[in-house]
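In full-length UniProt numbering, the protein residues as written are 1 to 460.
Don't be surprised by glycine CBs; every beta carbon is placed ideally from N, CA and C.
#1: Ordered along the chain, which non-local residues of its own chain (more than five positions away) have a Cβ less than 6 Å from that of residue 101?
#2: Return the bridge partner residues of residue 59 from the DSSP annotation.
#3: Under 6 Å Cβ to Cβ from residue 45, same chain only, skipping five residues before and after it: list those, please.
#4: Can you tell me which of 141, 262 and 72 puts its alpha carbon nearest to the alpha carbon of residue 3?
#5: Measuring alpha carbon to alpha carbon, tell me which of 162, 142 and 51 ends up nearest residue 70.
#6: What span of residues does the alpha helix (DSSP H) with residue 217 cover, start to end?
#7: Quick one: Cα of residue 139 to Cα of residue 105, how far?
#8: Check residue 229 in the structure and name its three-state DSSP category.
#9: Please classify residue 344: does DSSP put it in a helix, a strand, or coil?
#10: According to the neighbour-count rule (16 or more other Cβ atoms, all chains shown, within 10 Å of its Cβ), is residue 376 buried or exposed?
#11: Where does residue 125 land, buried or exposed, given buried means 16+ other C-beta within 10 angstroms?
#12: Quick one: what's residue 95 bridged to in DSSP?
#13: If you draw a straight line from the alpha carbon of residue 206 to that of residue 185, how long is it in whole angstroms?
#14: Is the beta carbon of residue 170 closer than 8 Å to that of residue 135?
#15: Are the beta-carbon atoms belonging to residue 373 and residue 357 less than 8 Å from one another?
#16: Just list the residues that DSSP pairs residue 109 with in beta bridges.
#17: Ordered along the chain, which non-local residues of its own chain (more than five positions away) have a Cβ less than 6 Å from that of residue 9?
#18: Classify residue 268 as helix, strand or coil using the three-state DSSP reduction.
#19: Exposed or buried, residue 338, counting other C-beta atoms within 10 Å across all chains shown (16 or more means buried)?
#20: What's the C-alpha gap between residue 257 and residue 215?
#21: With residue 4 as the anchor, note down where its beta strand (DSSP E) starts and where it stops.
#22: For residue 187, which beta-bridge partners are listed by DSSP?
#23: Can you grab the Cα-Cα spacing for the pair residue 84 / residue 264, in whole Å?
Spelled out as structure tokens, the structure:
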């Protein structure tokens, strides 16, 4: 089948992540872990109306390997145009780039891949005019501006589509022009349906003129893709072609046409069954598993109290936090250095203002005043803060910020399981009771009652 090069001014991502791992691994040789590799090739688009997994999809074949397919929506949009090429007996082709990476996740080896076709929108896949039958079509490449197209505006407006943009096939003819100094330069004219519509720049003409002459010597015209854009007031014409140094030896050898004639457009095309399964489609057990979903985090209602408890500092007791502290440290009083510092600062500010005024009368004195005033102001501020830093800050023991524990009337008896702290062995003089201290068998109840009465009286 003859290859039919579709318009590649666009991009479309296709599906590669289910049935095509084996073919992608064959296409991408020597894949390494966590190192992405890519492969540029020519994709053959094959409609598969009998595909049992994705009926009506369009398969993507590269180097004899089925590596991807279009999504259901994209297949529906592109199927009429692709089917027209296939029914005409041609093989629709577009450039493709494939990326692949080997990953190790959760102790398993996983392939990550994606592929992007260089293909235009369905309404711009075909040119507005036919390509001459004995023309060699240049591969599509960067955009080259066509010069002097405004001199042919009337004709170009007649072929401008209603949408304001369209793809056309232009032919190139090489010529030589004599300059006023007697030198000759190459010039490449741009034609549409054998009518001149502009020319290429001198630099690009020098590069493409040998290519045009090479094809002409072999009884071939040189054709290229072009784009026309505009409206009723202005328009532009450009050529999308590969540079001369980018042309492959195969192109010079074959001089391919690239755009053979197609059947007229129809509402429906009868396609033959063309489904050829990939390895995973034959063996569904080898299909790539779905990517593991990320772990579902705990609901925010459950995480909020925990985060709040971690951010919030430990609160004091309810009774001690609200009550004013009677023993708070008094504010630091101003010392002599602080007073002197403030005076020097005020004096410096006055000198600074005087310097600003003198700056417009006596510039030299004004500058000196600014320097002196700024120095005095900074010195005063330094002395004031130094005096504050030298003042002692009262230190509070942490126990003072705690609520006084209630006095219990009787101490709880220690349990048998609780370990008791043993006091060091007392001296012999400590064994005998002091003269004014009660010994064993002394009745403590009257003293406790008197102390309790004293506290109640003081509290009242």
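Result, derived from the coordinates:
#1: For the purposes of this step, residue 101 is taken as the residue at position 101 of the chain shown. The answer, listed in chain order, is 36 and 112.
#2: Locating residue 59 in the chain shown gives position 59, counting from the first residue. Bridge partners of residue 59 according to DSSP: 46 and 69.
#3: Counted from its first residue, the chain shown places residue 45 at position 45. Correct list, in chain order: 58, 82 and 92.
#4: Position 3 of the chain shown, counted from the start, is the residue given in the question as residue 3. The shortest Cα separation from residue 3 among 141, 262 and 72 belongs to 262.
#5: Walking along the chain shown from the start, residue 70 turns up at place 70. Ranked by Cα distance from residue 70, the options 162, 142 and 51 are led by 51.
#6: Here residue 217 is taken as the residue at index 217 of the chain shown, counted from 1. Per DSSP, residue 217 belongs to the alpha helix (DSSP H) from 202–217.
#7: For this step, residue 139 is matched to residue 139 along the chain shown. For this step, residue 105 is matched to residue 105 along the chain shown. Residue 139 and residue 105: Cα-Cα distance of roughly 42 Å.
#8: Counted from its first residue, the chain shown places residue 229 at position 229. Strand.
#9: Working through the chain shown from its first residue, we reach residue 344 at position 344. Residue 344 sits in a helix when the DSSP states are folded into three classes.
#10: Counting from one through the chain shown, the residue named residue 376 turns up at place 376. With 16 or more other Cβ atoms inside 10 Å of its own Cβ, residue 376 counts as buried.
#11: Walking along the chain shown from the start, residue 125 turns up at place 125. So residue 125 ends up on the buried side.
#12: Taking the chain shown and counting its residues from 1, the one referred to as residue 95 is at position 95. Under the DSSP definition of a beta bridge, residue 95 partners with 42.
#13: Sequence index remark: in the chain shown, residue 206 carries index 206 (1-based). Sequence index remark: in the chain shown, residue 185 carries index 185 (1-based). Residue 206 and residue 185 have their C-alpha atoms some 8 Å from each other.
#14: Your numbering for residue 135 matches position 135 in the chain shown. Your numbering for residue 170 matches position 170 in the chain shown. Cβ atoms of residue 135 and residue 170: not closer than 8 Å.
#15: Translated into positions along the chain shown, residue 373 becomes position 373. Translated into positions along the chain shown, residue 357 becomes position 357. Against a cut-off of 8 Å, the Cβ pair of residue 357 and residue 373 comes out as no contact.
#16: Within the chain shown, the letter at position 109 stands for residue 109. Residue 109 is bridged by DSSP to 104.
#17: Position 9 of the chain shown, counting from 1, holds the residue named residue 9. Annotation for residue 9: 120 place their beta carbon closer than 6 Å to its own, counting only its chain and skipping 5 residues before and after.
#18: Numbered from 1 along the chain shown, position 268 holds the residue referred to as residue 268. Secondary structure at residue 268: coil, using DSSP grouped into helix, strand and coil.
#19: Residue mapping note: residue 338 aligns to position 338 of the chain shown, counting from 1. Counting of Cβ neighbours within 10 angstroms places residue 338 among the buried residues, the total reaching 16 or more.
#20: Here the question's residue 257 lines up with position 257 in the chain shown. Here the question's residue 215 lines up with position 215 in the chain shown. Whole-angstrom Cα-Cα distance: 12 Å.
#21: Taking the chain shown and counting its residues from 1, one reaches residue 4 at position 4. Element bounds for residue 4: 2–5.
#22: The count along the chain shown starts at 1 and reaches residue 187 at position 187. DSSP, once it has assigned bridges, lists 175 as partnering residue 187.
#23: Working through the chain shown from its first residue, we reach residue 84 at position 84. Working through the chain shown from its first residue, we reach residue 264 at position 264. In a straight line, the C-alpha of residue 84 is about 8 Å away from that of residue 264.
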